[in-house]
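Residue 1 is where the sequence shown starts when you use the UniProt record's numbering, and the numbers rise one by one after that. Where is the CB? At the ideal position from N, CA and C, for every residue including glycine. For reference, the structure discussed in these notes is given below.
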Amino acid sequence: MNRITRRWFGPEIVYFSVILFVVEFVRGAALVSFLPVFGQKTLGLNFDVIGIAITAHYLTDTALKMGIGYLLDRFSVRFVVHTGLLASLAGIALLQFAYSPWLFIAAAALYGVGISPIWIVCLTKVTEGQRATQMGYLYTIWLAGLGIGPIICNVIVDHNIEACYYLLLGLSLLCWLMSLFISNKRNSSVAAIPLRQQFAILGERLRHMKLLLPGMILQTAGAGMLVPILPSFAENHLGMSGAQYSLLLLAGGVCTGAALMPFGKLSDKLGGKKWFLVIGFIFIGLSLYMIAMEPPLVLSMLLAGLLGLSYSALLPAWNALLANYVPPQQAGLGWGIFSTVEGIGGMIGPVIGGVMAASFGEPSVVLYSAILYGLIGFFYIWFPFRDFQSS
1 MNRITRRWFG PEIVYFSVIL FVVEFVRGAA LVSFLPVFGQ KTLGLNFDVI
51 GIAITAHYLT DTALKMGIGY LLDRFSVRFV VHTGLLASLA GIALLQFAYS
101 PWLFIAAAAL YGVGISPIWI VCLTKVTEGQ RATQMGYLYT IWLAGLGIGP
151 IICNVIVDHN IEACYYLLLG LSLLCWLMSL FISNKRNSSV AAIPLRQQFA
201 ILGERLRHMK LLLPGMILQT AGAGMLVPIL PSFAENHLGM SGAQYSLLLL
251 AGGVCTGAAL MPFGKLSDKL GGKKWFLVIG FIFIGLSLYM IAMEPPLVLS
301 MLLAGLLGLS YSALLPAWNA LLANYVPPQQ AGLGWGIFST VEGIGGMIGP
351 VIGGVMAASF GEPSVVLYSA ILYGLIGFFY IWFPFRDFQS S
């Protein structure tokens, strides 16, 4: 096992992935479970304030990814990650004093600032020969943290919300302390190129990858459209209880997490990414289309599993492909910009989904999201890219 681990990853990326897991554990627990309950029951805040606070978190996280990338190309990884996790710790610590709406929103936004660096750092550590495999590994860690955090937090919140807060605070402190052991050396291959010139280099890369841009934005927008309506759609149109809806999410999450690394290794072995993307997008669309037809419970569970498998086929190949367009000497800035572009879809998707559900009903959102994913898949069939020639 140790030999396999060294061959695939190396100690540095494994250490960063441990920090990433704890960071995403706290994020999932805080945003999905803790903040809504703590804001309403402990601080007495209205739901609109809580919603704005969560939006503020995602806005700062997405907006600052590009700036974090620039810092990573100019300062040591330890400095950037350590400073970011200190901001994250400060955001969690500030929550206990956030009885006024503006302070609660500011704390959530500050927490978003602190989370930005670690994901970008993990992406910059991915090696050329094992891109899809390592991407699959990192996304497995990311999904595991986001999924396990809310489950544990929900159990603790039911018994003692204060204990949950101190758990999140303690884990945030642990991440900050772990960042002290990150190497303080800068990558010797990083050139001190002016920011304007770096943007020119990345602009040239974006022109080369312009046919990927629709997928970068639309795939996250399609997923974001579903966020506001999924619980009510499951209850009102699939006839699911809360426990059954949790099983639906679990079915999709388990299939995604279990298949990410195998599909990543298969993508590396076969050498091509195009058909993993095409099949992934099309089967996501087919799964959502069939779910929009309001199938019975057992079929819904199977479709959720198929959705997870399709996503796991798509994700490692997609991010390994994006890595081909990141300038080697500006990796931090490159991944920051690409993550920001993808984040645009994640921010506009929930708004579109909410408006569409209010106007046309919840099933229409699932249906149009399915059509969107299918169109992306068929779009890429007819547009071969330079990096797909081996497919």
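Asked	Found
Exposure label - I381; buried when at least 16 CB within 10 Å	exposed
Cβ-Cβ distance between Y99 and L43 below 8 Å	yes
Beta-carbon proximity list for G28, same chain, < 7 Å, skipping 5 on both sides	G145, L146, G147, G149 and P150
Nearest-angstrom beta carbon gap, T140 and L260 [assumed within contact, 8 Å]	5 Å
Within the region 92–134, ranges of the alpha helix (DSSP H) (whole runs, at least 4 residues)	101–124
For F75, the three-state DSSP class (helix, strand or coil)	coil
Selection from G215, S369, A53 and G222 that minimises the alpha carbon distance to A321	Going by the sequence as given, residue 321 is Leu instead of Ala. Cα-wise, what sits closest to L321 is G215.
Of the residues F38, L213, L173 and I52, the one placed nearest G345, counting alpha carbons only	L213
L89 and A107 closer than 8 Å at C-beta	no
I217 versus M290: straight-line alpha-carbon distance, rounded	24 Å
At least three beta-carbon pairs within less than 8 Å, the region 53–63 to the region 24–41	yes
Three-state class that DSSP yields for I19 in the structure shown	helix
Simplified DSSP state of S172, which is helix, strand or coil	helix
DSSP three-state assignment for E162, whether helix, strand or coil	helix
Three-state secondary structure (DSSP) of L238	coil
Euclidean distance between Cα positions of Y373 and I152	32 Å
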